[in-house]
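In terms of numbering that gives the first Met the number 0, the sequence shown has 288 at position 289, counting the first letter as 1, and numbering is strictly consecutive.
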Amino acid sequence: MPSNRSPIFEKIHSLEKIQSLSKHEKLIQGVLDAIDDECLYANDPLPSVNTMVKELGYARETIVKAYKELIERGVIASKNRKGYFVISKNTKQKQKIALLMYAFDTFQETLYQHLKINLGDDAQVDLYFHHNNPDVFEAIFHRIVGHYGLYIIAPISSERIKELLLSIPPFKLLIIDRLISLGKDYSYIVQEFQHTSYRIFKQLESKLSTYEEVIFFFRKDTAEPQDILKSFKKFLKETGIKGKVETSYKPGTIQKNKVYFTIHNPELYAILKDVMDKRWELGKDLGVLAHNDDVIKEILAGGITTFSTDFKKMGELAATYAKDREQIQLVIETELYQRKSL
């Protein structure tokens, strides 16, 4: 068994000066460096978890997670009661990550791009979409489970989906976008809808009250959270502002002195086309409010007022979790972006 003077510990200690590396990354890279430099060969034993704890002072869980990732990469293996052994000299394998999302909307593309940018060339990210369909979700899940070192998933809220997710070990799963309660051991980076959307409506109360009516387009079969609908109804009831919910916008029905609130981009574009055709002015003749910000909404028609979480930050933090596997349980704040349209 290697001692504290053995090459594997020397390799790990040599990485201490690189402050950007987490302990998890140092452990993995130290083992890979020892193999690359031919300090370790196939069938050579690795230090036991207890020895690593004693020599490095790292948490037991950190070492176990690093060894599990090396096993998933096919570099080492665990033999019953005999410990861990090197089984391959191929250290250049990338971490494989499955990213399962609702759909490839512009804001979810922002998340994906910043996940990829911050992972660099160290990981392979395979993208899947469930379109808020539990049957599609389950089919994809059974196809991919067991084939990736990390699963980053935007879940559907149901007991059926929860059961599937609980079959994945906590350190191999990161919940994003929508929160589903899996227990204290699971990590998540999500947004919250009910309280934050109500807060946004209250921030806009003085502006919304200057219009005759606020119309919210919300489909019953939508993938969007029901919590936004609940908050909208609560806001109308408590403020006395006139408003209603309709399932969809019918092109050509736009009216002055109304506020049109939509979650869906195609519907937003249809509304803006009618505004343009009538040569009306947003923020003066009528108002428009949208959800989920992106660069297009910043510049479209002089700027669309939106409220949104920070999907760039969500992607960046997901990449950090993929690299260091340090538990995270974070609700990212939703912000109001006030622009010309309202």
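Idealized CB from N, CA, C, for every residue including glycine.
Between which two residues does the beta strand (DSSP E) holding S186 run? S186 to V189
Rounded separation between E280 and T308 - CA only: 27 Å
In terms of residues, what are the limits of the beta strand (DSSP E) holding F140? Counting along the chain, F140 falls outside any beta strand (DSSP E), though it belongs to the alpha helix (DSSP H) covering P133 to I143.
Please report the straight-line C-alpha distance between R324 and Y197, rounded to a whole angstrom. 34 Å
Pull up the distance between the alpha-carbon of I167 and that of L149, whole angstroms please. 9 Å
Report yes if the CB atom of L110 is closer than 9 Å to the CB atom of M313, and no otherwise. yes
Meets three-Cβ-pair contact criterion under 8 Å: the stretch 280-299 and the stretch 197-212: yes
Following the continuous beta strand (DSSP E) through D125, name the residue where it begins and the one where it ends. A122 to F128
Just list the residues that DSSP pairs P44 with in beta bridges. F84
Decide if the stretch 88-95 is in contact with the stretch 61-80; the criterion is three or more beta carbon pairs, one per stretch, under 8 Å apart. yes
Can you list, in chain order, the residues of its chain whose CB lies under 7 Å from that of D32, leaving out five sequence neighbours each side? K10
Once you ignore the five residues that flank I86 on each side, which residues in its own chain have a CB closer than 8 Å to its CB? A41, N42, G73, V74, I75 and A76
Using beta-carbon positions only, say whether V213 and L235 come within less than 9 Å of one another. yes
Alpha carbon to alpha carbon, what distance is there between E60 and N132? 35 Å
On the criterion of 16 or more Cβ atoms from any shown chain inside 10 Å, does P154 qualify as buried, or is it exposed? buried
Please give me, in chain order, every unbroken run of the beta strand (DSSP E) with length at least 3 that falls completely inside the stretch 228-274. 242-245 and 257-261
So the alpha helix (DSSP H) V294 belongs to, where does it begin and stop? V294 to I298
Taking one C-beta from the stretch 210-224 and one from the stretch 235-247 each time, how about it: are there three or more such pairs within less than 8 Å? yes
Cβ pair L45, F84 closer than 9 Å: yes
Element boundaries [alpha helix (DSSP H), containing Q107]: T105 to L118
Proximity test, Cβ basis, 9 Å: N132 and chain C: Included in the structure is just one protein chain, with no chain C present.
Sub-9 Å separation of L316 and I303 beta-carbons: no
Delimiting residues of the alpha helix (DSSP H) encompassing E347: No information on residue 347 is available, as it lies outside the stretch 0 to 341 that the chain covers here.
Let me confirm a value: I298 is counted as buried when at least 16 other C-beta atoms fall within 10 Å, else exposed. Which label applies? exposed
Taking the beta strand (DSSP E) that S307 belongs to, which residues open and close that run? T304 to S307
Could I get the ranges of all uninterrupted alpha helix (DSSP H) runs contained in the stretch 12-68, with 4 residues as the minimum, in chain order? 22-35 and 48-55
Output needed for L26: all residues of its chain with C-beta closer than 6 Å, excluding positions within five of it in sequence on either side, in chain order. A65
Can you find the residues in the same chain that come closer than 7 Å, C-beta to C-beta, to L273, ignoring five residues on each side of it along the sequence? At residue 273 the sequence reads Asp, which differs from the Leu that was named. The answer, listed in chain order, is P250, G251 and I253.
May I ask you to report which of helix, strand or coil DSSP gives S196? helix
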